[in-house]
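Worksheet: the structure to be examined is printed underneath.
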Amino acid sequence: MSSMSRAERALYFFGRLLVRCFYRVTALGLENLPQGGFLLLPNHITWVDALVLQLACSRPIRYVIDEEHYHKPILHPILRTLGCIPINTRNSRSAIRAAAEKIAEGEIVCLFPEGQLERTGSLLRLQRGYELIARHANAQVVPVWLDQLWGSIFSFQGGRFFTKFPKRIPYPVTIAFGEPVNAEAANVATVREELLKLGESCFSRRPSLDRHLAEECVRGLKRRPFATAVIDGTDHSELSRSKLLGAAAAFSRHLRKEFSDKRIAIILPASKGSMLANLAVTLANKVPVDLNFTMGRAANESCCRRANLRVAVSATPFMERLKDFPWPEKILKLDELLPPMKRQIIFWWIIALLVPARLLLRLLQIPKEGGHAEAVLLFTSGTTGDPKGVVVSHRNVVGNVSQFRQLLDARKTDAILGSLPFFHTFGSTVTLWYPLIEGVRIVTFPNPLDAAKCAALIEQYGLTFLLATPTFLRLYLRKAEPEQLRSLRLIIVGAEKLPLDLASHFEQRFQKKVFEGYGLTETAPVVSVNLPEPTPSAAPTSRLGSVGRLAPGIAAEIREPETKRKLSLFETGMLWLRGPNIFEGYLHDPKRTVEVLHDGWLKTGDIARFDEDGFLYIEGRVSRFSKIGGEMVPHEAIEQKIVDLLDLSGRDERPIAVVGVQDEAKGEALVLLSAVDIDLAELRKKLQDAGVPNLWIPKHIQRIEAIPVLASGKLDLKKCQQRATER
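Numbering of the sequence shown is given in the numbering used here, commencing with residue 1 and proceeding in unit increments.
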């Protein structure tokens with residue numbers, strides 16, 4: 001290990017002194033650093049990563065730096081003194097040799113494998129140059145994660161460097177050093193996986209994630225109290241942030257006083273009243289349970305029974321529309337309850353305006369921590385059976401809102417169309433809790449199928465974010481005019497796979513790209529999303545056919561579906577996820593919980609893979625594969641092929657669905673459910689001519705009136721299975 005010169009010591013001394021004035025660094029995993037030389041591989045978020053990283057390590061670090069920066073007149077004397085290694089990407093042999101020599105001398109060499117700064121806070125493609133250095137020096141590789149630097153003045157948050165005020169000084173930063181990896185094993189898939197795991201570990205340690213959901217809402221609503229929080233798209237009435245908080249606070253006192261129930265049912269569509277009810281229940285330190293009123297009586301009876309729901313919040317006009325709903329014992333009708341509470345609402349509105357957040361939290365008796373306690377109870381859509389109660393903790397919601405905040409990077413002028421119901425996991429987190437906490441204005445409308453009205457609201461209020469499902473989005477093609485959607489700057493779809501023809505037709509008609517995301521009720525829900533490119537020259541932030549890069553703080557593994565053997569991230573297999581947004585378990589169902597949760601990892605039930613740029617591709621639900629002759633056959637891929645060959649795209653309703661049924665000869669056989677007339681012999685010939693394997697060709701066609709789907713547009717797999725076996 002070489003000794004430092006006086007000049008080098010002086011630079012390190014003054015450099016550390018300066019950086020400590022602006023950053024408070026917490027180092028984790030220092031025991032993982034080998035004694036001799038090794039290669040350090042960190043993520044790259046800001047211009048000062050090297051300075052901050054040096055604070056965490058007592059030994060000097062030799063950085064591999066782009067030759068252009070190395071030779072800049074102001075930087076060159078300093079970088080040369082610090083022993084930095086210049087690299088020319090076109091001719092890197094000398095730099096690789098120099099780095100290997102430094103490692104052989106016992107030095108720490110650091111290379112930022114992404115090769116550029118992150119523009120959205122998500123890990124970019126890892127360049128393979130570090131593999132050459134590691135193999136040439138036979139060096140151990142240590143992955144390292146720099147956390148919480150995103151958002152500092154030297155990061156690209158907000159689409160710009162430097163021109164931001166620091167949120168706090170000194171700025172807290174966590175640096176986590178991973179376990180060393182041998183040169184032979186340190187390929188880009190392994191290093192990427194280890195970096196994501198370190199990122200998840202750091203993110204999950206953030207103290208803010210343990211706050212109570214109500215505290216986050218109160219603090220969020222206290223910012224810009226006179227700004228509009230919500231506009232009801234049905235009557236165009238609105239509430240400011242302080243008035244919403246005041247009304248919810250008054251209602252919450254009533255709930256605390258009158259009811260000891262842990263959970264309160266909410267049976268309302270997306271609306272101003274529904275937002276108020278959810279917020280009030282949370283402020284009362286109770287659990288809101290938004291019930292899916294489209295599921296039918298039997299399913300909702302099951303939900304009420306399992307969640308022990310005795311009290312419900314609704315409104316008289318909406319109740320009159322639900323003729324066959326299994327209402328709980330006690331019903332609180334907002335239209336009857338709130339008018340007599342006018343004095344209390346005004347009182348709490350004034351308190352919300354005048355009293356500091358910390359004191360207001362005490363007055364409302366909000367616990368200091370929420371953590372793993374139940375915050376929200378959601379029921380799955382029941383695509384494959386009875387709805388499951390998904391217990392979502394305070395930590396899950398607060399964590400996912402924080403993840404989505406970093407991805408979306410919203411401006412003060414942004415506004416969301418909230419047409420997804422709050423019983424939908426995407427609607428719950430993204431169009432309810434996210435706007436309340438982050439201060440994004442929302443315009444609610446109860447019917448996402450009324451695309452004409454939704455488009456009119458987008459135009460009238462200049463909305464910038466549209467969050468929908470592909471089924472709902474397809475309706476805009478027929479019912480909306482291009483000028484109505486002009487204000488939109490981001491359109492995200494989820495819940496079902498985005499058909500490529502829909503994305504293409506939508507962009508042609510409206511000149512707006514559609515970005516696909518991915519999530520589950522069990523992940524609260526956001527896992528990944530494609531995003532617009534922040535700058536034309538930056539690394540890509542979206543890729544057609546993928547569901548985007550993982551949200552910050554989420555780690556992933558790909559495992560063999562049956563044996564659970566770990567595979568490379570770039571192979572196809574079962575997707576497992578870990579992060580602060582992973583749910584706590586299924587309500588009163590330990591057997592199902594154990595099936596999907598193992599040591600903090602969630603078995604998603606989705607077959608997936610990553611590419612080298614970190615984009616995630618969902619090949620399909622494992623329930624949408626058939627095992628025929630020992631081969632896994634994907635239903636969705638077959639459906640897309642049939643749609644393309646028979647020119648069935650562009651329809652409002654789903655034309656076909658492939659279902660697997662039992663077969664004595666090969667274990668399973670494929671049945672094509674079709675809402676259009678299709679000749680089996682003709683279809684078989686077209687599929688064979690297109691090179692489709694025989695195992696992928698449906699054995700039977702079942703003609704039906706309409707393909708069974710849920711309210712969200714997802715296939716109702718349970719009913720599809722029933723129809724396929726009716727022959």
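All C-beta atoms in this analysis are idealised placements derived from N, C-alpha and C, irrespective of residue type, glycine included.
Since this is a predicted model, take the numbers as computed values, not measurements.
Counted within 10 angstroms of its Cβ, other Cβ atoms place residue i as buried (16 or more) or exposed
i       : result
Ser-729 : Nothing about residue 729 can be read from this structure; the chain reaches only from 1 to 727.
His-236 : exposed
Pro-482 : exposed
Val-594 : exposed
Gln-365 : exposed
Leu-485 : buried
Arg-119 : buried
Ser-201 : buried
Phe-162 : Here Phe-162 scores only 49 on pLDDT, less than 50, and its place in the model should not be relied on; the value that follows carries that caveat. With fewer than 16 Cβ atoms within 10 Å of its Cβ, Phe-162 is classed as exposed.
Asp-290 : buried
Met-1   : Caution is warranted here: a pLDDT of 48 is assigned to Met-1, below 50, making its placement in the model unreliable, and the coordinate value is therefore given only provisionally. Met-1 comes out exposed.
Leu-531 : buried
Ala-298 : exposed
Arg-128 : exposed
Gly-36  : exposed
Asp-324 : exposed
Gln-688 : exposed
Whether residue i touches residue j by CB criterion (8 Å)
i       : j       : result
Ala-186 : Ala-134 : yes
Leu-475 : Asp-652 : yes
Val-493 : Glu-516 : yes
Leu-577 : Trp-601 : yes
Leu-420 : Leu-473 : no
Gly-178 : Leu-198 : yes
Ile-707 : Ala-675 : yes
Phe-251 : Ser-240 : no
Leu-209 : Arg-395 : yes
Ile-175 : Ala-27  : yes
Ser-242 : Ala-352 : yes
Tyr-518 : Ile-618 : yes
Leu-255 : Gly-370 : no
Ala-480 : Ala-455 : yes
Gly-579 : Leu-597 : no
Ala-415 : Glu-438 : no
Arg-48  : Val-25  : The sequence shown places Val at residue 48, not Arg. Taking 8 Å as the Cβ cut-off, Val-48 and Val-25 do not qualify as a contacting pair.
Asn-278 : Leu-498 : no
Asp-261 : Lys-286 : yes
Inter-residue CB distance, residue i and residue j (contact presumed, cutoff 8 Å)
i       : j       : result
Val-658 : His-635 : 4 Å
Arg-549 : Phe-625 : With 8 Å as the limit, Arg-549 and Phe-625 do not qualify as a contact, their Cβ atoms being about 25 Å apart.
Thr-425 : Ala-524 : 7 Å
Gly-220 : Leu-30  : Actually they are not in contact, since the Cβ atoms of Gly-220 and Leu-30 sit about 36 Å apart, beyond 8 Å.
Lys-719 : Gly-667 : Between Gly-667 and Lys-719 the Cβ distance is about 23 Å, and since that is not below 8 Å, they are no contact.
Leu-33  : Val-142 : 6 Å
Val-188 : Leu-41  : In fact, because the Cβ distance is near 10 Å, the residues do not count as touching under 8 Å.
Gly-389 : Phe-379 : 6 Å
Pro-288 : Ile-266 : 5 Å
Arg-305 : Glu-329 : At roughly 13 Å, the Cβ-Cβ gap does not stay under 8 Å, so Arg-305 and Glu-329 are not in contact.
Glu-631 : Leu-695 : 6 Å
Boundaries of the beta strand (DSSP E) in which residue i is found, first to last residue
i       : result
Arg-621 : 616-621
Glu-757 : There is simply no residue 757 to check, as the chain begins at 1 and stops at 727 in what is shown.
Pro-86  : 85-87
Ser-626 : 625-628
Phe-583 : Element bounds for Phe-583: n/a, residue is neither H nor E.
Ser-274 : From DSSP, Ser-274 is part of no beta strand (DSSP E) but of the alpha helix (DSSP H) over 272-283.
Lys-333 : 330-333
Thr-174 : 171-177
Ala-608 : 601-610
Ala-265 : 263-266
Glu-374 : 374-379
Ile-108 : 108-110
Gln-688 : Looking at the DSSP string, Gln-688 is not in any beta strand (DSSP E); the run it does join, the alpha helix (DSSP H), is 680-689.
Limits of the unbroken alpha helix (DSSP H) element including residue i
i       : result
Leu-475 : 470-479
Leu-780 : The chain is shown from 1 up to 727; residue 780 falls before or after that span and cannot be answered.
Lys-342 : 342-354
Cys-720 : 717-724
Arg-395 : 394-408
Can you list, in chain order, the stretches of the beta strand (DSSP E) that have 3 or more residues and sit fully within the region 22-52? The DSSP assignment places complete beta strand (DSSP E) segments of no fewer than 3 residues inside the region 22-52 at 23-28 and 38-42, in order along the chain.
Of all the alpha helix (DSSP H) runs that stay within the bounds of the region 410-451, which reach a length of 4 or more residues? DSSP runs (the alpha helix (DSSP H)) wholly in the region 410-451: 425-428 and 434-438.
What ranges does the beta strand (DSSP E) occupy inside the region 495-551, keeping only unbroken runs of at least 3 residues that lie completely in it? Those beta strand (DSSP E) runs which fall completely within the region 495-551 and span 3+ residues are 515-519 and 526-529.
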